[in-house]
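Q:
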Amino acid sequence: MKVLVLGGTGATGKQLLDQLLDRGHEVHAVVRSTTSLTDELIKNDNLSLTEASVLDLDQSKLQELVSGCDAVASCLGHNLSLRGIFGPPYRLVTEAARRVCSVVQNSKSSRPLKFVLMNTTGNRNRDLNEPVSFAQRCIVGLLRYLVPPHADNEDAAEYLRSTIGQSNDQIEWVVVRPDSLINESSVSPYSLHASPTRSAIFDAGKTSRINVANFIAALIDTDDLWQTWKGKMPVIYNSTTSSPDAPESPQS
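First residue of the sequence shown: 31, per my numbering; consecutive thereafter.
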């Protein structure tokens, strides 16, 4: 399969590149800089790189990158710095999703493209009317207005949910919602859930970046797993027990 990765030099994006290449996929990544990538990764014959900010790519270049792809995975996010959180681009994740989807829809492809968006458990899936306490609603409301990246993540997921929708002939999507991200050196057991099983604010869980990457890669190349979560927003937690909703740790 041919896969385009957006945000390939982020902490999770790099893990996803490794996971996809290990599975034998042809991968193209859009990266702001190659300096954080290992020589081994850069020299991999199945990896090609475009060094640019996603939103700086013109429509023709984006069309070229998306053309022939079976899947697009967005691991885009805002840097955890004052400039990254409060400076432009304020809608990086949403605008990248919109632009990719626009290109796909204009291409009139004969088969649907898989679009996987990395998101957060702080964002609700409104299709499921997920219960949220009054206190959490208040805090999330403040985050929405005071911390631009939170609103960006919400808007990106909502764009896929309500604008692309469940019956688009050219785009199928999954929004992956990890909880507090941590670094681990190897894939460990994790559980998958249709909705959060704990409060993202008051009882946050943990999800390793390598587990997120493993799940995204498994979604892309495992049809049964894709059909299970297509059009949904699965939550992923590090775990020692299996989820009732999906097999545990679909590793390569």
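A virtual CB, placed ideally from N, CA and C, is assigned to each residue, including glycine.
1) Which one of Ala-126, Leu-211 and Asp-253 has the shortest CA to CA distance from Ala-103?
2) Do you know how far the Cα of Asn-149 is from the Cα of Asn-159?
3) Could you have a look at Glu-184 and say whether DSSP puts it in helix, strand or coil?
4) By the three-class DSSP mapping on this structure, what secondary structure does Leu-106 have?
5) In whole angstroms, what separates the C-alpha of Arg-228 from that of Thr-39?
6) Indicate the three-state DSSP secondary structure (helix, strand or coil) for Pro-219 in the structure shown.
7) Which of the three DSSP states, helix, strand or coil, is assigned to Asn-268?
8) Which first and last residues belong to the alpha helix (DSSP H) in which Ile-231 is found?
9) Name the residue from Leu-147, Leu-143, Asn-136 and Ser-137 whose alpha carbon lies nearest to the alpha carbon of Leu-122.
10) Compute the Euclidean distance between the alpha carbons of Gly-37 and Val-61, then round it to the nearest angstrom.
11) If you reduce the DSSP assignment to three classes, tell me which class Thr-11 lands in.
12) Report buried or exposed for Cys-28, applying the criterion of at least 16 other Cβ atoms within 10 angstroms of its Cβ.
13) May I ask which residues mark the beginning and end of the beta strand (DSSP E) holding Ser-78?
14) Does Thr-150 come within less than 7 Å of chain B when only Cβ atoms are used?
15) With DSSP collapsed to three states, give me the class of Val-57.
16) Using only the alpha-carbon positions, how far apart do Asp-251 and Gly-107 sit?
17) Can you find the residues in the same chain that come closer than 8 Å, C-beta to C-beta, to Val-133, ignoring five residues on each side of it along the sequence?
18) How long is the line joining the alpha carbons of Thr-65 and Lys-44, rounded to whole angstroms?
19) Tell me the DSSP secondary structure of Leu-158 in three-state form.
20) Just to confirm before moving on: does the CB-CB distance between Asp-209 and Ala-186 stay below 7 Å?
21) So what does DSSP say about Thr-42, is it helix, strand or coil?
A: For this structure:
1) Locating residue 103 in the sequence shown gives position 73, counting from the first residue. Residue Ala-126 is the option with its Cα nearest to Ala-103.
2) Position 129 of the sequence shown, counted from the start, is the residue given in the question as residue 159. Position 119 of the sequence shown, counted from the start, is the residue given in the question as residue 149. If you take the alpha carbons of Asn-159 and Asn-149, they lie about 18 Å apart.
3) Position 154 of the sequence shown, counting from 1, holds the residue named residue 184. Glu-184 falls in the helix class under three-state DSSP.
4) If you number the sequence shown from 1, residue 106 lands on position 76. Of the three classes helix, strand and coil, the one that applies to Leu-106 here is coil, per DSSP.
5) For the purposes of this step, residue 228 is taken as the residue at position 198 of the sequence shown. For the purposes of this step, residue 39 is taken as the residue at position 9 of the sequence shown. Distance between the alpha carbons of Arg-228 and Thr-39 is about 30 Å.
6) The residue given as residue 219 occupies position 189 in the sequence shown. Coil, per DSSP.
7) Locating residue 268 in the sequence shown gives position 238, counting from the first residue. Correct three-state label for Asn-268: strand.
8) Your numbering for residue 231 matches position 201 in the sequence shown. That residue, Ile-231, is in no alpha helix (DSSP H); it is neither H nor E in DSSP.
9) Here residue 122 is taken as the residue at index 92 of the sequence shown, counted from 1. Minimum Cα distance to Leu-122 is reached at Leu-147.
10) As a working note, residue 37 is residue 7 in the sequence shown. As a working note, residue 61 is residue 31 in the sequence shown. Gly-37 and Val-61: Cα-Cα distance of roughly 6 Å.
11) An answer regarding residue 11 cannot be provided, because it is not within the stretch 31 to 282 covered by the chain.
12) Only positions 31 to 282 of the chain appear in the structure, and residue 28 is not among them; the question remains open.
13) Within the sequence shown, residue 78 is the residue found at index 48, counting from 1. Unbroken beta strand (DSSP E) run through Ser-78: 77–81.
14) No chain B appears in this structure, which consists of one protein chain only.
15) Taking the first residue of the sequence shown as 1, we reach residue 57 at position 27. Strand at Val-57.
16) For the purposes of this step, residue 251 is taken as residue 221 along the sequence shown, with counting starting at 1. For the purposes of this step, residue 107 is taken as residue 77 along the sequence shown, with counting starting at 1. Looking at the two C-alpha atoms, the distance is approximately 24 Å.
17) In the sequence shown, residue 133 corresponds to position 103, counting from 1. Cβ neighbours of Val-133 beyond the five flanking positions: Gln-89, Leu-92, Gln-93 and Val-96.
18) Within the sequence shown, the letter at position 35 stands for residue 65. Within the sequence shown, the letter at position 14 stands for residue 44. Cα to Cα, the separation comes out at about 12 Å.
19) Locating residue 158 in the sequence shown gives position 128, where the first residue counts as 1. In the structure shown, Leu-158 sits in coil (DSSP, three-state: anything other than H, G, I, E or B).
20) Taking the sequence shown and counting its residues from 1, one reaches residue 209 at position 179. Taking the sequence shown and counting its residues from 1, one reaches residue 186 at position 156. Their beta carbons are not under 7 Å apart, which means Asp-209 does not touch Ala-186 by this criterion.
21) The residue labelled residue 42 in the question sits at position 12 within the sequence shown. In this structure, Thr-42 counts as helix in the three-state DSSP scheme.
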